[in-house]
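Trainee: For what it's worth, our numbering labels the leading residue of the sequence shown as 1, then goes sequentially.
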Amino acid sequence: MRKKYVLFFILLPFGLAFAQKEIAISGIVIDAKTQSPLENVVVSIQNSSVTQLTTANGKFVLYSSLKGEQLLLLHSQGYKDLLLKINIYANLTLGTLQLEDNFTDEVQGTLITLLDSDLSDDNSSSEMTSGLLQSAKDAFFQASAFNWGQARFKVRGLDSENGTMMLNGMPMNKIYDGRPQWGNWGGLNDVLRNQEFSIGAASSLYTFGGILGTQQIYTRASLYRKGERISLSGSNTTYNWRATGTYASGMNSAGWAYVVSAGKRIGNEGYFEGTNFDGESFFLSIEKNLNRRNAINFTGFYTPNSRGKNSANTTEVTALTDGKYNSYWGWQNGKKRNARVKNIEEPLLMLNHYFKINEKTNLNSAILYQFGKTGNSNIDYQNTPSPDPVYYRKLPSYYSSMYASDRGEFSGDFTPDYKNAEKSKELFLKNTQINWEEIYRANQKPITNADGIITGYGPVQSHYVLYEDRTDDKTFAANSNVNIQLTENSAFDGGITFRNLKSHQFQYLLDLLGGEYFMDIDAFYIGNQAQSDLRNPNRQVKAGDQYGYNYNFLATTIDAFTQFKFNYKKTEFYLAQSYSVWDYQREGLYQNGIYRTTSLGKSQKVSFENFGFKGGFTYKISGKQGLFFNGMYLTKAPSLRNTFSNSRLNNSIVNGIENENISSIEGNYVYRSPKLKIRTTVYYSLIKNTTKTSFFYAEGIFDKGAGYNNTDAFVSQTLSNLDKKNSGAELSFEYQASATLKTTLSAAYGNYTYSSNPNVSITNDANAAKANTQATFDFGESYLKNYKQPGMPQQAYSLGLEYRDPKFWWLAANINYLTDSYIDVSPIARTSRFYVNSKSGLAFPEATEERASELLRQEKFSPVSFLNITGGKSWRIFGKYVGFFASVNNVFDSSYKTGGFEQARNANFRALNQDVSSKTPSFGPKYFYGYGRTYFVNISITL
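#1: Near K614, what residues of its chain come up, given a Cβ to Cβ distance below 6 Å and the 5 sequence neighbours on each side ignored?
#2: From the DSSP output, in three-state form, read off I951 for me.
#3: With respect to the alpha helix (DSSP H) encompassing I439, which residues constitute its N-terminal and C-terminal limits?
#4: In this structure, what does DSSP give as the bridge partners for F476?
#5: Can you tell me the Cβ-Cβ gap for N291 and Y354, rounded? I've got them flagged as a contact below 8 Å.
#6: For my contact list, L83 and L73 are in at a C-beta cut-off of 8 Å; report their separation, rounded to the angstrom.
#7: Rounded to whole angstroms, what's the CA-CA distance from K542 to A530? Just pull it up for me.
#8: Counting C-beta neighbours from all protein chains within 10 Å, is the total for T238 16 or more, i.e. buried, or is it exposed?
#9: Could you name the residues that DSSP lists as bridge partners for L575?
#10: For N661, I'd like the list of residues in its chain whose CB is within less than 6 Å of its CB, leaving aside the five on either flank, ordered along the chain.
#11: Taking its Cβ as the centre, do 16 or more other Cβ atoms sit within 10 Å of Q585, making it buried, or is it exposed?
#12: Taking the alpha-carbon positions, what's the N268 to D473 distance?
#13: Is the distance from the Cβ of Q540 to the Cβ of Y508 below 8 Å?
#14: Quick check for students: name the residue ranges of the beta strand (DSSP E) that lie wholly in the segment 215–274, counting only runs of 3 or more.
#15: Taking only three categories from DSSP, how would you classify N908?
#16: Kindly indicate which residue of K570, G601, P674 has the alpha-carbon position closest to the one of G626.
#17: Counting along the chain, where does the alpha helix (DSSP H) carrying N642 start and finish?
#18: Should F901 be counted as a contact of the ligand MG given a C-beta to heavy atom distance under 7 Å?
#19: For a quick check, are the C-beta atoms of E409 and N837 less than 8 Å apart?
#20: Looking at C-beta atoms only, is the number of pairs between the segment 755–770 and the segment 591–602 that lie closer than 8 Å three or more?
#21: With DSSP as the reference, label D417 as helix, strand or coil.
#22: Determine the direct distance from the alpha carbon of I653 to that of S694, and round the result to whole angstroms.
#23: Given L731, which residues of its chain have a CB within under 6 Å of its CB, disregarding the five upstream and five downstream residues?
#24: Return the CA-CA distance between N343 and T497, expressed in angstroms with no decimal places.
#25: Could you name each continuous beta strand (DSSP E) segment of 3 residues or more that falls completely within the segment 345–369, going from the start of the chain to the end?
#26: Provide the residue span of the beta strand (DSSP E) that contains A339, from first to last.
#27: Buried or exposed: where does N358 fall if 16 or more other Cβ atoms within 10 Å of its Cβ makes it buried?
#28: On a Cα-Cα basis, can you pick out the residue from G372, Y381, G323 that is closest to A339?
#29: Nearest to T744 by alpha carbon, out of S798, E850, D778?
#30: In this structure, how does DSSP classify S871 when only helix, strand and coil are distinguished?
#31: Check this for me: beta carbons of L212 and G163, under 8 Å apart or not?
#32: Which residues mark the beginning and the end of the beta strand (DSSP E) in which T96 is found?
#33: Quick one: grab the DSSP three-state call for W329.
#34: Based on the DSSP secondary-structure assignment, which residues constitute the bridge partners of P446?
#35: Rounding to the nearest angstrom, what Cα-Cα distance links N816 and A886 in this structure?
#36: Beta-carbon within less than 7 Å of L855's beta-carbon, same chain only, minus the 5 sequence neighbours each way: which residues are those?
Below is the structure:
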């Protein structure tokens, strides 16, 4: 009898739990303007696992055992979230619920200024931030993307390689540098709106992710809202005009759905001088439901585009010109021609299989093939003056910063030549741009008649040519992701991804610029050392030929992850693990004259084995508020780009290169009610053991004791064991003061520093050309610890006010303030060699600690504040929806620096001290400037 009572009390709680009567909450969701039902709207009770999708007729029925006051959330991409307070005591019918368009989706695809702030890599490390954040509804992330992005703000100070960008469950970060190539997606705004987003170390259904977060874009055809959409946009930022057209069929009775989209973007000149733009976009997605459990979807897109780049400029150049000045272009036949153009053509083909194994298990598998080319053009020249209009010898500072030769161990006297400086200024102001006509004439010889009169010009050996640094990638990838609802309170996610890359890197001759041929040699050397390929010496190359350098990068990666999630009434938590293997190899296709034994053929294979762990915990204080904690630790392979120290010339691998070690922790408090939404976050991340390579010309860098007579050289620099520490806090505040008026407040406070003194090694190719001489030099530690990480504001604040009228027009204004942005410092100037006279090996007598501190103090940019205004209106005309959107950013046309870098040419104390002391430095820092007043307008018609 006692056993029966014990069994009764053990089973009683389970019986009561299963005996709880579930209550039904039902309704219909429609579009507020068209009054059409909306399918696949996510309807959920906040802070619970109760979720349902609306059917084709907009209906939903939720079943829940929860009682009392709850918050019902309706979410659909392209619409404003609807949050309703409901009281659950009996079956509840909510009637018809209307969702309003989210007008911010009309904003152009990227608001990041695409500048060349990374010296050796054209991809902007902040591009990911804009794309990543546009899928988030949080006021803070909206401010980050649409208001702060123009000042190159980075969430938590993290570069884009720390986030994971995915397409239908497939990672899209490039193996070469770890970053997404956003140029692949340009012009596809209309078809890339179905997105899922997580920030920081939060869990994701499809990947382990990085410490910045995860963005998943869906292009499954059945997810798109049926209909046609045509839009026309105008802007004065990157392009001038954009036209797009999109059609989505919806799922028909035969189980077919498709989406097609095409667009054109064009700009004769963007905000900065000479920045032309041209781009097309083509998109196709076709889905076939094979049966109730299986569907396949094909996605393909092609977005060829080219854009003229703009230059970073010294203070001297900007003072002589203005903030829009760009030295990369010149007039040719009455048109502006930019010498530095980025061209991207990388089509993508993808096939997905969606398998609903049962009601609790889904398997998504995919194969992907992406191919094409990316090119960055520039002018190459041999045995002739530089065509760069801001070459240092063409500027007044070359004469006004002159010093006499050293007097023994002591500095020579200051001997400025102000007369020639003034002449140089006048000459520069008359010749501020590239002289294309002069370049063509240098590549030709005059043709004269019998009287000695020039009748024309004929081609000869080119001294100047236009070339591209080309990357032709072929990527094959395959993956599978599984999602299983194990029990009512637990779920499992897992996946594995295989990727294989063959990246052909070479110099490609585009235009002989009026000449007949170009010599495939390095004119800085003589004999065999000058040869790009010893197997084809003194080769004459023409347009369409490869020359200079030529090699393949080969890479194979395998990534796997597992994740367990648990969801209870008051708590949630998850645990995730990852494992990956990355293999890299270089295959040289030329036998370089300097590195004849280490340039041709395959290098040794470099392998990296990595793992990661992360977890999160949620405590639901109530239906309105909760506490969220996430932590992550992982090791990460260095990028392919940073693994080989001098990949254009040889197979050398960075000495002692190892995995990066990354850790991160964050805590969040979230409050959400129909009127008030608050999120506060604190975070801390540490990235250890990073590597970075760069190239530059340095003066006074080598000493004679190293066996090298010339103390000046063009070098490659490798930083290793560089650590970064990022900590800070975020605030997102949104208050719906009335049905029409809303106010927002967003704030970011960060402290992003280098937390180690990295090791610096310098490779001098000129020394390698000599027999029995050292080519790579260990410069020891660079004292970067506690210097600020560059190129982004570390504090940002935004106050916004938005009015939405019931008659479907709206107006919003945001006041923004950004500060604590710093310049990128020269690591070589922070080594002990900086204080040593390379000619004698002795310390500079004038190198006092006080003066060195002044010279090496990191420049902090001035704060910037700007006002952004946006607005829109929609109409229903003859049953069609017409929408208008407009924005004006930086209304008061504030001028500000978005980034910059110290030139490394002055590589010792005396050279830098003399340059700075002259008050007109010849090698001062170069700066990037943000957009002034810009506009964007869009008109769309939904048929």
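We treat Cβ as the ideally placed atom computed from N, Cα and C, and that holds for glycine.
Mentor: Let me lay it out:
#1: Numbered from 1 along the sequence shown, position 614 holds the residue referred to as residue 614. So the qualifying residues of the chain are A201, A576, M632.
#2: The requested residue 951 does not occur in the structure, where the chain is confined to residues 1 to 943.
#3: Position 439 of the sequence shown, counted from the start, is the residue given in the question as residue 439. Start and end: 436–442.
#4: What you label residue 476 is simply residue 476 of the sequence shown in a count that begins at 1. In the DSSP output, where bridge partners are listed per residue, F476 has Y369, N500.
#5: Residue 291 sits at position 291 when you count from the first residue of the sequence shown. Residue 354 sits at position 354 when you count from the first residue of the sequence shown. Actually they are not in contact, since the Cβ atoms of N291 and Y354 sit about 11 Å apart, beyond 8 Å.
#6: For the purposes of this step, residue 83 is taken as the residue at position 83 of the sequence shown. For the purposes of this step, residue 73 is taken as the residue at position 73 of the sequence shown. Sure, about 5 Å apart at Cβ, within 8 Å.
#7: Within the sequence shown, the letter at position 542 stands for residue 542. Within the sequence shown, the letter at position 530 stands for residue 530. C-alpha separation (whole angstroms): 18 Å.
#8: As a first step, residue 238 must be located in the sequence shown, where it is residue number 238. Buried: at least 16 other Cβ atoms inside 10 Å.
#9: As a first step, residue 575 is located in the sequence shown; it is residue number 575 there, counting from the start. L575 is bridged to F564, G615.
#10: Taking the first residue of the sequence shown as 1, we reach residue 661 at position 661. Once the five neighbours on either side are set aside, the close Cβ partners of N661 are T635, K688, N689.
#11: Working through the sequence shown from its first residue, we reach residue 585 at position 585. With 16 or more Cβ atoms within 10 Å of its Cβ, Q585 is classed as buried.
#12: In the sequence shown, residue 268 corresponds to position 268, counting from 1. In the sequence shown, residue 473 corresponds to position 473, counting from 1. One C-alpha to the other measures close to 29 Å.
#13: Position 540 of the sequence shown, counted from the start, is the residue given in the question as residue 540. Position 508 of the sequence shown, counted from the start, is the residue given in the question as residue 508. Contact flag unset, no.
#14: 227–235, 241–248, 256–267
#15: As a position in the sequence shown, residue 908 is number 908, starting the count at 1. N908: coil per DSSP, three-state reduction.
#16: Along the sequence shown, read from residue 1 onward, the residue named residue 626 stands at position 626. The candidate whose alpha carbon is nearest that of G626 is K570.
#17: Translated into the one-based positions of the sequence shown, residue 642 becomes position 642. Its alpha helix (DSSP H) spans residues 640–643.
#18: By its list of ligands, the structure shown contains no ligand whatsoever, and the ligand MG lies outside what it can speak to.
#19: As a first step, residue 409 is located in the sequence shown; it is residue number 409 there, counting from the start. As a first step, residue 837 is located in the sequence shown; it is residue number 837 there, counting from the start. Against a cut-off of 8 Å, the Cβ pair of N837 and E409 comes out as a contact.
#20: yes
#21: As a working note, residue 417 is residue 417 in the sequence shown. If DSSP states are grouped into helix, strand and coil, D417 belongs with coil.
#22: Translated into positions along the sequence shown, residue 694 becomes position 694. Translated into positions along the sequence shown, residue 653 becomes position 653. Cα to Cα, the separation comes out at about 14 Å.
#23: In the sequence shown, residue 731 corresponds to position 731, counting from 1. Taken in chain order, the residues that qualify are T680, A747.
#24: Within the sequence shown, residue 343 is the residue found at index 343, counting from 1. Within the sequence shown, residue 497 is the residue found at index 497, counting from 1. Their backbone Cα atoms lie some 29 Å apart in a straight line.
#25: 348–358
#26: Stepping through the sequence shown from its first residue, residue 339 is reached at position 339. Looking at the DSSP string, A339 is not in any beta strand (DSSP E), and its letter there is neither H nor E.
#27: As a first step, residue 358 must be located in the sequence shown, where it is residue number 358. Result: exposed.
#28: By one-based count along the sequence shown, residue 339 stands at place 339. Answer by Cα proximity: Y381.
#29: Numbered from its first residue, the sequence shown carries residue 744 at position 744. Per the Cα distances, S798.
#30: For the purposes of this step, residue 871 is taken as the residue at position 871 of the sequence shown. The residue you asked about is not Ser; residue 871 is Gly in the sequence shown. Reduced to three states, the DSSP call for G871 is strand.
#31: Along the sequence shown, read from residue 1 onward, the residue named residue 212 stands at position 212. Along the sequence shown, read from residue 1 onward, the residue named residue 163 stands at position 163. Yes, they are a contact pair.
#32: Reading the sequence shown from its first residue, position 96 is the one you call residue 96. Unbroken beta strand (DSSP E) run through T96: 92–99.
#33: Start at 1 with the first residue of the sequence shown, and residue 329 comes out as number 329. Reduced to three states, the DSSP call for W329 is strand.
#34: Taking the sequence shown and counting its residues from 1, one reaches residue 446 at position 446. DSSP lists Y457 as partners of P446.
#35: Residue mapping note: residue 816 aligns to position 816 of the sequence shown, counting from 1. Residue mapping note: residue 886 aligns to position 886 of the sequence shown, counting from 1. Distance between the alpha carbons of N816 and A886 is about 19 Å.
#36: The residue you call residue 855 lines up with position 855 of the sequence shown. Once the five neighbours on either side are set aside, the close Cβ partners of L855 are L912, N913, V916.
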